[in-house]
Amino acid sequence: MSTAAEATRATVRPVSRSVRLRRSPLGRALVRLPFWLLIVAIAVYALFPFYWALRSAITPDSELFTTPITYFPSHPTWAHFHDALSQSYFRRALLNSTIVAGSVTALSLAVGSLAAYALGRFRFRGKSFVLYLMLSMTIFPQIAILGALYTMISGFHIVGPVHFPKLYDSLFALIFSYLIFTLPFTIWVLTSFMRALPADLEEAAYVDGATPLQVFWKVLLPLIAPGLVTTGLLAFIAAWNEYLYAVSFIQSPSHYTVPVAIATFSGSSGNAFQFPWGTVMAATIIVTLPLIAATLLLQRRILAGLTAGAVKG
Amino acid sequence: MSSVATPAPVPRRGRRRRRTKLQRRQTRFAWLLLVPALAVVAFVAIYPLGRTVYQSFTDQEFLAGITPTKWVGLDNYHQLIHDTIFRDTVVLTIKFTAITVSIEFLLGLTIALVVNSHFKGRGIMRAIMLVPWAIPTVVAAKMWLWMLDDTYGVINDLFVRTHLISHNQSWIVQHPLVAVSAVDIWKTAPFVALLLLAGMQVIPNDLYEAASVDGANQLQQFWRITLPLLRPAILVALIFRTLDALRVFDVFQVFFGYRLGSQSMAVYNQSVITQDGHVGYGSAVSVAIFLIISLFVVIYVTVVRVSDE
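One line per chain: the protein sequences are A and B, in this order. Residue 4 is where the first sequence starts when you use the numbering used here, and the numbers rise one by one after that. Residue 36 is where the second sequence starts when you use the numbering used here, and the numbers rise one by one after that.
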């Protein structure tokens, strides 16, 4: 910690010996230099693995598997990207993940915004209990219910002949089980958005004879639209990235989601002696680009949502 | 909504009765809105949790039908106490948690202090810090697995060039804990920094100005102002990171598969249930993990309470 403190001390508010030196442009630049070096170091640390994945994706195999390794490809190629996208199960995985993450997000927002309306705009008994229940669900370890979910989705008997539908090895199993981490989180964050709205608009609508559902649909929902975008994006990312349930409940490659496909990837260009790292890196670049774009665009909103919910990463 | 009619005066008694009736109706409506959410939570979380506990007292197998599932009492838990593989996974997971959470906190605090100052491009910097967090852990693990490659890995190359190591290391085999920790720290330290940064930004500037007037130096300001006022943000970050680290699955599974001696608690549990099909015993393992994680929550809460007094 002392290094951190010294770093700020030396850089953030420089107390230089000579005021004249500090005020000259060169002096100012020199004083700020360690600070900028730190900034660059942090940025390089965060981004280098992406650079390396990109570099490996466009480096031909003949150059990729030679030593000493090269930091810039001399003959860049798209071959690995072609190879990755020519794998039918990888393309399927992109589609599957979109379906799963999209459905989970839509369901969470629909069910969650109704619940948030109740929790954020009404006063009733048992409200704080429900809120605490949702909060405790957000830190719920998913592994703790794997065994029971496994039994349930393989079609167990509820009562006598009544079966829970057999969902094993289908995308429904994932849509069902992902709600456990998206829904409580969605409710928690949307409730904080609902609560922040002023009461005037709602009252005016009631005076004009609107029903509570109309108030919800026509007044409140448009007002918390930014909150819906934020929460929806966070839920989507969480579902898109999930691996434990996906690898446990899915068996056939045609139902793989992106993380499972990436984890088990073995492109066609690899031979018996060398794992196809170039193709795998191309695949990782393909799946991360949309996430990076969304994060860069909605950075402010994501952070606001995360700190509003003060939720896990 | 432009013209608001004044409601006609109502006799007092009737008005009060109507309000309570309205209140009752509102309460009913609120619960109605909650029905779908509560139904989902009950079905996806509460029932499975109860069922996991129940299953942990049975000898249920995934390929049932050969022998019917029967109640075995505490047999699974007896077996669990003597399960040395499980014990090793607990030790390994706690080591991993201690390493990653402490480094992520120190690194995150350093990054947050640097980025908290005013400079051009702070917004871009924050976006850059969010990127590692947003990508799937599996993808991050694959990127690092390749960077840590024995022969063609860039980490070995960089470290040999800078004479940090004398020859290429086989990170996955020789230093498994270092390897998985590196991925987790890379992915999460910037995110911890963002959480702490959000906490720093609500500390009023007047405090620092007053401190400077009183002659406090930067280090004193850090210890006396920043750190105490950042305490809630630090606690939230530490608790969530600890809980996350204890249930780690993705990195371990991608790096080591189900290799004995390199399993986290969650990897072992998942393999018992889905690879071996021992649903009953696996449920007992789940309950044990749940209790271990709860124990950490209790410890945290107690420490916070005690230090508050």
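Even for Gly, the Cβ is constructed at its ideal location relative to N, Cα and C.
- Not a single C-beta of chain A is nearer than 8 Å to the C-beta of S205 (chain B).
- Inclusion of V125 (chain B) and V215 (chain B) in the CB contact set at 8 Å is not warranted, their separation being larger than that value.
- For P52 (chain A), at least one C-beta of chain B is nearer than 8 Å to its own C-beta.
- Close CB contacts of A285 (chain A) within its chain, under the 6 Å cut and outside five residues either way in sequence, are with A60, H83, F84, A87 (chain order).
- For V150 (chain B) and I42 (chain A), the gap between their C-alpha atoms comes out near 7 Å.
- Note on R276 (chain B): 16 or more other CB atoms within 10 angstroms of its CB, so buried under the neighbour-count rule.
- Separation of R198 (chain A) and L136 (chain A) (C-alpha to C-alpha, rounded to the nearest whole angstrom) is 18 Å.
- Distance from the CA atom of Q288 (chain B) to the CA atom of V302 (chain B), rounded to whole angstroms, is 6 Å.
- Only residues of its own chain outside the window of five on either side were considered, and among them P167, W168, T172, A175 have a CB closer than 7 Å to the CB of K222 (chain B), listed in chain order.
- Listed by position along chain A, the residues whose Cβ is nearer than 9 Å to that of Q61 (chain B) are F125, R126, F127, P215.
- If the five residues before and after L170 (chain A) are omitted, its C-beta is found closer than 6 Å to the C-beta atoms of I156, A176, all from its own chain and listed in chain order.
- For I163 (chain B), the chain A residues whose C-beta falls within less than 7 Å of its own C-beta are A46, A49, L50, listed in chain order.
- Chain-ordered, the chain A residues with CB closer than 7 Å to the CB of K177 (chain B) read I265, V283, T287.
- Contact between T141 (chain A) and P187 (chain A) holds: their C-beta atoms lie close to 5 Å from each other, under 8 Å.
- Closest by C-alpha distance to Y48 (chain A), out of B:L148, B:M164, B:G156, is B:M164.
- Taking the Cβ atoms as the reference, T70 (chain A) lies roughly 31 Å from Y293 (chain B), outside the contact range of under 8 Å.
- Sequence-distant Cβ neighbours of A264 (chain A) in its own chain, meaning closer than 7 Å and more than five residues away, are Y92, F93, A96.
- Bridge partners of W106 (chain B) according to DSSP: B:T93.
- Scanning chain A for C-beta atoms nearer than 7 Å to the C-beta of S201 (chain B) yields nothing, as the closest lies near 16 Å away.
- Taking a beta-carbon distance threshold of 8 Å, Q302 (chain A) counts as an interface residue toward chain B.
- Pairing G150 (chain A) with T87 (chain B), the inter-Cα distance amounts to about 6 Å.
- G235 (chain A) and I183 (chain A) have their alpha carbons spaced roughly 15 Å apart.
- For A238 (chain A) and D184 (chain B), the gap between their C-alpha atoms comes out near 33 Å.
- With a 10 Å radius around the Cβ and a threshold of 16 neighbouring Cβ atoms, T298 (chain A) comes out buried.
- The alpha carbon of F226 (chain B) has as its nearest neighbour, out of B:L273, B:Q310, B:M300, B:Q95, the alpha carbon of B:L273.
- Within chain B, the residues placing a beta-carbon under 9 Å from that of I183 (chain A) are V75, V76, V79, A80, P83, ordered along the chain.
- Only residues of its own chain outside the window of five on either side were considered, and among them I190 have a CB closer than 6 Å to the CB of A118 (chain A), listed in chain order.
- In the three-state reduction of the DSSP assignment, H166 (chain A) falls in the strand class.
- The alpha-carbon of L199 (chain B) is positioned some 15 Å away from that of S205 (chain B).
- Residue state for K130 (chain A) is assigned as helix, using DSSP reduced to three classes.
- The Cβ atoms of S106 (chain A) and L193 (chain A) do not sit closer than 8 Å to each other.
- Around the Cβ of L247 (chain A), a 10 Å sphere holds 16 or more other Cβ atoms; the residue is buried.
- The alpha-carbon of A147 (chain A) is positioned some 34 Å away from that of F64 (chain B).
- Think of a sphere of 8 Å around the beta carbon of M160 (chain B): the chain A residues whose beta carbon falls inside it are I42, I45, A46, in chain order.
- Assigned with DSSP and collapsed to three states, K177 (chain B) falls in helix.
- Sequence-distant partners of R122 (chain B) (beyond 5 residues in either direction) whose C-beta falls short of 7 Å from its own C-beta are missing from its chain.
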